[in-house]
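The sequence shown begins at 0 in numbering that gives the first Met the number 0 and counts up by one.
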Amino acid sequence: MSLFPIYYYYIRLLTKDSKARFAWIWFFIPSIIFSLFSFILYFSMDSSEKYIYTYNVLYGNNRNLLEYSFILKLQLIKINIFRIVLVTQVLIFIITGIKHISFYHSSIKEFYSETKNKELKSIKYLLIIFVFASITSSLSAIIGKSIFINNHVLFIFPSLVHSMFLYGVGFIGYKQYFSIIEFRKDILNADKKYYSKELTQKNTNNNNLKEQLKILLEEKEIFKNPDLRISDVSTFLNTNRTYISNLVNDEFDQSFADLINNYRIKYAIKILEEKNNVNLSISEIGLMSGFLSESSFYRVFKDKVGVSPERYRKKIFDKTKNNDD
0 MSLFPIYYYY
10 IRLLTKDSKA
20 RFAWIWFFIP
30 SIIFSLFSFI
40 LYFSMDSSEK
50 YIYTYNVLYG
60 NNRNLLEYSF
70 ILKLQLIKIN
80 IFRIVLVTQV
90 LIFIITGIKH
100 ISFYHSSIKE
110 FYSETKNKEL
120 KSIKYLLIIF
130 VFASITSSLS
140 AIIGKSIFIN
150 NHVLFIFPSL
160 VHSMFLYGVG
170 FIGYKQYFSI
180 IEFRKDILNA
190 DKKYYSKELT
200 QKNTNNNNLK
210 EQLKILLEEK
220 EIFKNPDLRI
230 SDVSTFLNTN
240 RTYISNLVND
250 EFDQSFADLI
260 NNYRIKYAIK
270 ILEEKNNVNL
280 SISEIGLMSG
290 FLSESSFYRV
300 FKDKVGVSPE
310 RYRKKIFDKT
320 KNNDD
């Protein structure tokens, strides 16, 4: 019962909170209460009741309340309540965990143009394992332990799922180096830079800002900067990033990262379609277009165009060759 709150805290520390808070202890209240209640009940039983509880209640199928003493009846009630609380807890933590990750992803896409090393893709995959682990725990709690005692093969499945989940948490935690802490530092540094230059907030007309933003993207081609951030754009336009973010969302109906990547892809397509650029590698074209790496270029290109850059180039050249013939 404590496993899922701990994993939920881990998600919060990556996506929302920069440090753990003592107030979070309330998530452990159900497990603490059940632990204390179990401790009291167990040591209140005599030897015969412990035997019945172990072999009939925990690992058996005899759940007839009429045959048990008052303490054993309390044990059965505790087990049923535990199952309900566990399933409820799992649902709450899954829903809130997904919300935190989604909000975090949308936030970084509004600030950075390149989000590859900042997204929590691995955490989302781990969340899938978390869902399976949750379902497994819920089913195990509902079915009871007796079915696993009588069928050792079935015991392999929950053991494997939980082992994968615990290994995944450790492995992904080791690989994950960017979190809400680094994100907030970048925002703080951007705000300090903004205020240190004493930029005005007078330039807030959306039509004017939109035209100036188009000039930056289409004429000055600022999208070629692989580390372009919304704070850089706000500095160019002499306004703050909130106005730029609202402008991109309202006028272009997309996130900052999507807007910049769309311009990068258009530029890359232009290069790919030029016969004179046939000697340029895909990696070079990606870097020229503003992508930080070849893998980022491939990922975004395929997402926007539907095929890989190499396949697109081949398709264009084949079409040109057929027209020439």
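All C-beta atoms in this analysis are idealised placements derived from N, C-alpha and C, irrespective of residue type, glycine included.
Taking V325 as the reference, give the member of I80, V130 and Y50 with the closest Cα.
Since the displayed the chain opens at 0 and closes at 324, residue 325 lies outside it and no answer follows.
Contact check, I229 vs I214 under 8 angstroms by CB: the rounded distance?
In fact, because the Cβ distance is near 17 angstroms, the residues do not count as touching under 8 angstroms.
Leaving out the 5 sequence neighbours to the left and right, which residues in its chain are closer than 8 angstroms to S295 when beta-carbon positions are compared?
The residues are E113, K115 and G285.
Is it the case that the Cβ atoms of D48 and S68 are separated by a distance below 9 angstroms?
Checking the sequence shown, residue 48 turns out to be Glu, not Asp. Contact: yes.
In chain order, what residues of the same chain have a beta carbon less than 6 angstroms from the beta carbon of F344, not counting five sequence neighbours either side?
Because the chain in this structure spans residues 0 to 324, residue 344 falls outside the shown range and cannot be described.
Provide the residue span of the alpha helix (DSSP H) that contains P29, from first to last.
Looking at the DSSP string, the run of the alpha helix (DSSP H) that includes P29 is I28 to S43.
Is it right to say S254 is buried, meaning 16 or more other beta carbons lie within 10 angstroms of its own, or is it exposed?
It counts as buried.
Excluding the 5 residues flanking A189 on each side, which residues of the same chain have their C-beta closer than 6 angstroms to its C-beta?
S230, listed in sequence order.
What do you reckon, are the CB atoms on G289 and Y262 nearer than 9 angstroms?
Closer than 9 angstroms, so yes.
Which residues in the same chain have their Cβ closer than 6 angstroms to the Cβ of A267, if we skip the five residues on either side of it in sequence?
Closer than 6 angstroms at the Cβ level, and outside the excluded window around A267, lie I284 and S288.
When the distance is taken between beta carbons, is T241 closer than 9 angstroms to Y103?
Cβ distance not < 9 angstroms, so Y103 and T241 don't count as in contact.
Does the beta-carbon of T319 have 16 or more other beta-carbons within 10 angstroms, so that it is buried, or is it exposed?
With fewer than 16 Cβ atoms within 10 Å of its Cβ, T319 is classed as exposed.
Comparing alpha-carbon positions, which option in L208, K265 and D317 lies nearest V304?
Per the Cα distances, K265.
Taking only three categories from DSSP, how would you classify R228?
Strand, per DSSP.
Which residue from I80, F42, L40 and S106 puts its Cα closest to that of N245?
Minimum Cα distance to N245 is reached at S106.
Could you please give me the residues that DSSP links to Y58 through a beta bridge?
Beta-bridge pairing links Y58 to no other residue.
Which one of L153, L75 and I134 has the shortest CA to CA distance from V86?
When only C-alpha atoms are compared, the closest one is I134.
Have a look at K313 and L271 and give me their C-alpha separation to the nearest angstrom.
When rounded, the distance between both Cα atoms is 9 angstroms.
State the CB to CB distance for the pair I91 and I10, rounded to an integer number of angstroms; the pair is presumed to be in contact (CB under 8 angstroms).
The pair is not a contact, with the Cβ atoms about 13 angstroms apart (cut-off 8 angstroms).
Count the CB pairs spanning the stretch 14-26 and the stretch 174-188 that are closer than 8 angstroms, and state whether there are at least three.
Result yes; three or more Cβ-Cβ pairs closer than 8 angstroms.
Alpha helix (DSSP H) containing L90: first to last residue?
Taken as a continuous stretch (DSSP letters only), the alpha helix (DSSP H) holding L90 covers F69 to K108.
Cα separation between W23 and L165?
So the two alpha carbons sit approximately 21 angstroms from each other.
In three-state terms, what does DSSP make of Y176?
In this structure, Y176 counts as coil in the three-state DSSP scheme.
How long is the line joining the alpha carbons of L291 and D226, rounded to whole angstroms?
So the alpha carbons of these two residues sit roughly 8 angstroms apart.
What separation, rounded to the nearest whole angstrom, lies between the Cα atoms of I51 and Q74?
About 11 angstroms.
Return yes when the Cβ of L126 is within less than 9 angstroms of the Cβ of I97, no when it is not.
Yes.
Out of M44, S37, V247 and Y111, which has the shortest C-alpha to C-alpha gap to E210?
Of M44, S37, V247 and Y111, the residue nearest in Cα terms is V247.
First and last residue of the alpha helix (DSSP H) that includes A267?
Element bounds for A267: F255 to E272.
Return the chain-ordered list of same chain residues with a C-beta closer than 6 angstroms to the C-beta of I32, the five sequence neighbours on each side being excluded.
Result list for I32: empty, nothing under 6 angstroms.
Grab the span of the alpha helix (DSSP H) containing I221 for me, first residue to last.
Unbroken run through I221: none, as it is neither H nor E.
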